[in-house]
Amino acid sequence: MPTKSQFKNIFRNLEVGIGEASKVTGVSQRQLRYWEEKGYIVPLESDGGVRTYSLGTLMSIAFLKDRLDDGYTLATAVKMLEEHKNKIRILSKFGRVMNQSVEVEEDETGEGGVIKFGKVTSEDQQEYQLEGVINKDEHYFRLKKLKNNSKNA
DNA sequence: GTTCTTACA
DNA sequence: TGTAAGAA
0 MPTKSQFKNI FRNLEVGIGE ASKVTGVSQR QLRYWEEKGY IVPLESDGGV
50 RTYSLGTLMS IAFLKDRLDD GYTLATAVKM LEEHKNKIRI LSKFGRVMNQ
100 SVEVEEDETG EGGVIKFGKV TSEDQQEYQL EGVINKDEHY FRLKKLKNNS
150 KNA
């Protein structure tokens, strides 16, 4: 399994030029330069004024492209991107922690499964196992009673 | 061969 | 926003 630093190196060192960026995202070079002019994306700007994009910027470009294809204006798409980035920043941090303390069981299809988040306790001291279920057409949380700790008679 | 800027449609 | 020109 790749180490944390390997991930960082990949993320930091992987760079692509505007040609590749345009090819893989479906956004024209003209658009990429325009978005940069507007301050929506920031290239790594290496040598000779030749643009280079980080993996993160590539993701942003792909995100914007998706919103545009959905019919949103560029300005709206950018706003959505900022919110998305904030969300992902916290979510990924949470994800790294979760990956160490959470169990995942794949279902038969291999497309979904059950995520066992761990123990939760209600106000009356009843303990539950919190599970997240996801499959092709639905996703939800559920509580599984662990043992009956009820102090009621 | 690719990318850059500028300009025009 | 696509395309073309001329330079890097």
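Take the first sequence: its position 141, counting from 1, is numbered 140 in numbering that gives the first Met the number 0, and each next residue is one higher. C-beta atoms are modelled at their ideal positions from N, C-alpha and C, and glycine is treated no differently.
- The alpha carbon of residue 133 has as its nearest neighbour, out of 28, 104, 56, the alpha carbon of 104.
- The beta carbon of residue 10 sits closer than 8 angstroms to the beta carbons of 53, 54, 55 from its chain, once the five residues preceding and following it are set aside; these are given in chain order.
- About 11 angstroms separates the beta carbon of residue 26 from that of residue 35, a gap too long to meet the 8 angstroms contact definition.
- The alpha-carbon separation between residue 39 and residue 33 amounts to approximately 9 angstroms.
- Look at residue 19 here: in three-state DSSP terms it is helix.
- A check of alpha carbon separations from residue 138 across 112, 121, 144, 17 identifies 112 as the nearest.
- Distance from the CA atom of residue 102 to the CA atom of residue 37, rounded to whole angstroms, is 44 angstroms.
- Note: residue 126 is bridge-paired with 120, 146 in the DSSP secondary-structure output.
- Judged by beta-carbon spacing, residue 93 lies beyond the 8 angstroms limit of residue 80, meaning their Cβ atoms are not closer than that value.
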